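Student:
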Amino acid sequence: MKVVYHEDYNQVYASDPAASPGRIQAVVDALQGRVTWAKPEPATELDILQVHTRKHVESVEREGVYDIAALAAGGAIMAARIGLTEPCFALIRPPGHHASADSSWGFCYFNNMAIAIDKLVRQGQIKKAFILDFDLHFGDGNVDILGNRAYVTIRNPSRQSRSDYLKEVEKALADTDADMIAASAGFD
Numbered sequence: 612m613k614v615v616y617h618e619d620y621n622q623v624y625a626s627d628p629a630a631s632p633g634r635i636q637a638v639v640d641a642l643q644g645r646v647t648w649a650k651p652e653p654a655t656e657l658d659i660l661q662v663h664t665r666k667h668v669e670s671v672e673r674e675g676v677y678d679i680a681a682l683a684a685g686g687a688i689m690a691a692r693i694g695l696t697e698p699c700f701a702l703i704r705p706p707g708h709h710a711s712a713d714s715s716w717g718f719c720y721f722n723n724m725a726i727a728i729d730k731l732v733r734q735g736q737i738k739k740a741f742i743l744d745f746d747l748h749f750g751d752g753n754v755d756i757l758g759n760r761a762y763v764t765i766r767n768p769s770r771q772s773r774s775d776y777l778k779e780v781e782k783a784l785a786d787t788d789a790d791m792i793a794a795s796a797g798f799d
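The sequence shown begins at 612 in the working numbering and counts up by one.
1. Can you give the Cα-Cα distance for L660 and F700, rounded to whole angstroms?
2. How many angstroms separate the CA atom of L682 from the CA atom of G758?
3. Where does A649 sit, in a helix, a strand or coil, going by DSSP?
4. Go through its chain and collect everything with a Cβ distance to L657's Cβ below 8 Å, but skip five positions before and after it.
5. Is it the case that the Cβ atoms of C719 and G752 are separated by a distance below 8 Å?
6. To the nearest angstrom, how far is the alpha carbon of R692 from that of S772?
7. Is the shortest distance between the beta-carbon of E697 and the beta-carbons of chain C less than 8 Å?
8. So, are the CB atoms of Y624 and W648 less than 8 Å apart?
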């Protein structure tokens with residue numbers, strides 16, 4: 612299996628312990644020698660502006676996190692492209708599912724998933740995508756950006772029990788006719 616990762620994802624970009632780079636490093640350490648690593652390039656500003664407003668991009672620049680956020684979005688694009696032909700996991704940070712078109716929170720700056728899916732659709736590589744957002748918190752950014760696009764189905768499972776949750780996910784996956792199935796999560 613390929614894992615998209617860049618050592619720059621270990622940068623400190625927020626002071627909250629939930630955004631600690633040590634969390635991603637523990638995963639890297641556990642995967643050493645077990646996966647094939649793929650090193651991404653940053654997403655282009657054009658790709659980012661397909662789903663985010665210019666005002667939002669400028670806000671991310673002023674906050675001093677544009678480069679790391681663009682690199683995370685580029686990692687999502689790379690993982691999505693690899694995922695067209697083989698299993699792939701994007702081990703990227705900062706996460707993106709709380710980033711809306713013109714705002715963000717929860718250590719998310721750009722919506723990595725939306726940028727990647729939008730690019731594949733624009734390039735004609737996929738026609739439909741199914742996104743399973745399984746983070747503890749609702750993926751409001753995914754819904755804000757992609758929720759009204761006919762080519763995307765987003766599931767944020769809401770069942771309380773584990774068995775009901777799994778049944779909900781299994782049914783949604785069985786019912787999809789998407790070209791791509793993508794999983795989206797933050798840090799929880």
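Beta carbons: idealized from backbone N, C-alpha and C, even for Gly. All of these numbers come straight from a predicted model, not from anything done at the bench.
Tutor: Concretely, from the data shown:
1. Answer to the nearest angstrom: the Cα atoms are 24 Å apart.
2. If I take the Cα positions, the gap works out to 24 Å.
3. Correct three-state label for A649: strand.
4. Excluding residues up to 5 positions away in sequence, nothing lies with its Cβ nearer than 8 Å to the Cβ of L657 in the same chain.
5. Contact flag set, yes.
6. Answer to the nearest angstrom: the Cα atoms are 34 Å apart.
7. No chain C is present in this structure, which holds just one protein chain.
8. Not closer than 8 Å, so no.
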